Every structure is written in structure tokens, then in C-alpha cells.
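Report on the following structure.
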Amino acid sequence: MSNAPKIYVAGHRGMVGSAVVRTLQAQGHSHIVTRTHAELDLTDQAAVREFFATEKPAQVYLAAAKVGGIHANNTYPAEFIYQNLMMEANIIDAAFRNGVKKLLFLGSSCIYPKLAPQPMREDALLTGPLEATNEPYAIAKIAGIKLCESYNRQYGKSHDVDYRSVMPTNLYGPGDNYHPENSHVIPALIRRFYEAKVNNAPSVAIWGTGTPKREFLYVDDMAAASVHVMNLPKATYDQHTQAILSHINVGCGYDLTIRDVAEAIGKTVGYQGAVTFDTSKPDGTLRKLMDSSRINALGWVAQVSLKNGLELAYEDFLKNHAQRP
């Protein structure tokens, strides 16, 4: 790709960041800049400023974040709010100071109130209390949206700044975190079913009642949506957003019960035993479906089915994370 812009992907080793890199490379972008955590601590303001001053990227995908499931959010609330706030504030401000015109901030569906009407529309933001278990993380992600909007409002006209935000639903796929305690639903269940299969366990216990519904999106679909939104003409983006309501939901448009998802994972893994539900454990929010009509109207729809996505995720787990028996 001639005259390809220099693109910095923050968080390229994470599940989302690595998918963004894959998508950009598939589209012919060769000028992609990355740094590992050891090379650049994104919570260190001076180091981030020096990096931007040296590298001068034209575009930034801000996919770096400290993430985890209910257990991790409950156990490390200070780390979740502090590290996420620092990373996004440092990157967005350093980007602005070094002439970056285009930046995409990747958030999370947990920004919406616990009792938001379903499916959750973008305008549900800041209309009610958040889910208590991941409030610190959610507050940090809301701050990221507001950082982008504030820089646009103050510097959009004078400096041609155009910083955008996308809010994915629950993501899964290659590069996921399969930690037994600090992982999300799908990777946690893939690990649990795999271990049950290897150990010939008679049953697998799932947290909660199995009745909450969740929406899941394959991570490469999310990456494709991110690149799509980044490259939309400004007039088109502005037509579908507002100055103080500029974020865009990204989901597949339908949800499934945890029971259905667990059974689909059991099938993918080839586990033959029973699936039980530990009702002494918390369910979390009963439903979290995104309204993705805004991004659909902007020309993007999800492509990967749950069945295909789970097969690809399990393949990745076996290759990179499974302890061989």
C-alpha cells in the first residue's frame, strides 16, 4: 500500500489489539508500530510522550487495557480504574500533542447502566448506576469516550482532530485470556470443558443459574468493525453521531443464555459429561444485549457465527494454552 499511514496499535498483544493488527495487515497496511509492555509502560506519561514524539504515528488504535472477569474486577478495583485511566489519558493527550488526527478508542459494553433498557442503545450512557462488580473499569472506559469527545470539541476545528470510540459487546477468540480465575465466560468455559474432557470428569459446574443472556462477538469481527469506523469519512461519522454522544456500539445483534453457550462450548470441545449449575454463585447482569443499529447503518455487520467462532477459539486454545495431558 503506497503512502500507507503509520499506524500505532496500543495493546497489540491483547486479544483485540492483535486482531486489529491482523485485520490491518490483511488489508495491506505494512507501516504498523507496536510496543510491548516491557518496551513502553503506557501508565508512564513521560515515556508515552517520548514515544509519540519519536514515532509520530498518523493513526492510533487504542486497544490497550487492563481487563478481566467478575472475579478480577472485584479483587483488583484500584488497579482496574487507575491503570485504565492512565493509559487512555496518556495516549490520547500525547497523540494530540504530536499531531495525530485520527484515533480510535476501544471501550466495553459495561459502560451502560446495570438496568439499561434492552437492547442497550448508545444514548443509555450515564442514565443510571453501573453494575457494581466492574464499576471502576466501566468508569475508566466512560472517561475514555469523554476524553475523545472533549479533544474533538476543543481541537476538532483548530487542529483537525477526529477521535472516535467503539464499544464492543463480549468478545472471544484467538489471544483470549484462559486464566482459571481472571477470565471471561467463553474462555473460562473452554478451559473448564477441556480439563473435564481430559480428566474424564462426570460433570462440569457453571457459575449461576444459566439463565442470564449474553451477546458474543468473534474478535476478528470486532477488529473489522474498528477499522471500518476509523476509515469512515468524517461527514458520514458525524451524520450518525453527536458531539457528546459519539461512541458506536459493536455487536452481533442477538444474545443467548449462558446455558446455551455452555452447551455449545461442550459440543465444540467434545465433552460428553453433564452440565450443572452452581446457583450459589452470582449471575451478574441478567441481560446485556447491544443495539448495533448505528454501526449497521454505517455499513458493517458481523460475519462470524458462534459455531464457527467457537471452533476457531478452541483451535487457538489447543495450540497456545492447553496443558497437554
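Counting from 1, position 76 in the sequence shown corresponds to residue 440 in this note's numbering; the numbering is continuous, with no gaps. By construction, the Cβ of each residue, glycine as well, lies at the ideal position given by its N, Cα and C atoms. Remember, predicted model here, so these are calculated numbers, not experimental data.
Sequence-distant residues of the same chain with beta carbon closer than 6 angstroms to residue i, five excluded per side
i, result
"Lys505", "Gly471, Ser472 and Ile475"
"Asp680", "Pro538"
"Tyr635", "Phe557, Ala560 and Lys561"
"Ala428", "Ala374, Gly375, Leu406 and Met451"
Coil, strand or helix - residue i by DSSP
i, result
"Leu620", "strand"
"Met365", "Only weak support is given to the placement of Met365: the predicted model assigns it a pLDDT of 47, under 50, and the question is left unresolved by the model."
"Lys420", "coil"
"Tyr601", "helix"
"Thr640", "strand"
"Val464", "coil"
"Leu535", "strand"
"Asn563", "coil"
"Asn541", "coil"
"Ile396", "strand"
"Val668", "coil"
"Ser656", "coil"
"Val614", "strand"
"Asp680", "helix"
"Asp526", "strand"
"Val431", "coil"
"Ala569", "strand"
"Ile651", "The sequence shown places Arg at residue 651, not Ile. Strand."
"Ala480", "coil"
Buried versus exposed, by CB contacts within 10 Å (16 or more), residue i
i, result
"Arg517", "exposed"
"Asp642", "exposed"
"Pro493", "exposed"
"Glu419", "exposed"
"Asn595", "exposed"
"Ala390", "exposed"
"His548", "buried"
"Ala410", "exposed"
"Tyr515", "buried"
"Leu670", "buried"
"Ala507", "buried"
"Thr400", "exposed"
Own chain partners of residue i with C-beta closer than 7 angstroms, once the 5 adjacent residues on each side are dropped
i, result
"Met450", "Thr407"
"His376", "Ser382, Val385 and Thr398"
"Thr632", "Leu674, Glu675 and Tyr678"
"Ala453", "Leu511"
"Asp524", "Lys465"
"Pro689", "Confidence at Pro689 is low in this model, with a pLDDT of 46, below 50, so the placement of that residue should be treated as unreliable; the coordinate-derived value is given next. Around Pro689: Val562."
"Ile455", "Ala374, Leu406, Val412, Val424 and Leu426"
Sub-7 angstroms separation of residue i and residue j beta-carbons
i, j, result
"Lys430", "Asn448", "yes"
"Ala666", "Asp540", "no"
"Ser610", "Glu545", "no"
"Phe415", "Asn462", "no"
"Tyr542", "Arg555", "yes"
"Tyr501", "Asn437", "yes"
"Asp655", "Pro532", "no"
"Ile612", "Arg658", "yes"
"Leu468", "Ser590", "yes"
"Ile434", "Thr497", "yes"
"Ile550", "Ala626", "no"
"Ala459", "Val412", "no"
"Val530", "Val614", "yes"
"Leu581", "Leu535", "yes"
8 angstroms CB neighbourhood of residue i in its chain, flanking five on each side removed
i, result
"Ile371", "Leu388, His393, His395, Ile396, Val397, Pro421, Ala422, Gln423, Val424 and Tyr425"
"Ala638", "Pro566, Ser567 and Val568"
"Ala588", "Thr387, Trp664 and Gln667"
"Gly758", "The question about residue 758 has no answer here: the residues shown for the chain are numbered 365 through 689."
"Ala488", "Tyr476, Pro477, Ala480 and Pro481"
Are three or more beta carbon pairs between the region 574 to 585 and the region 640 to 654 nearer than 8 angstroms?
With the rule of 3 Cβ pairs closer than 8 angstroms, the region 574 to 585 counts as touching the region 640 to 654.
Quick one: any contact between the region 617 to 626 and the region 601 to 608, if contact means 3 or more CB pairs under 8 angstroms?
The way I'd put it, the region 617 to 626 doesn't touch the region 601 to 608; fewer than three beta-carbon pairs between them come closer than 8 angstroms.
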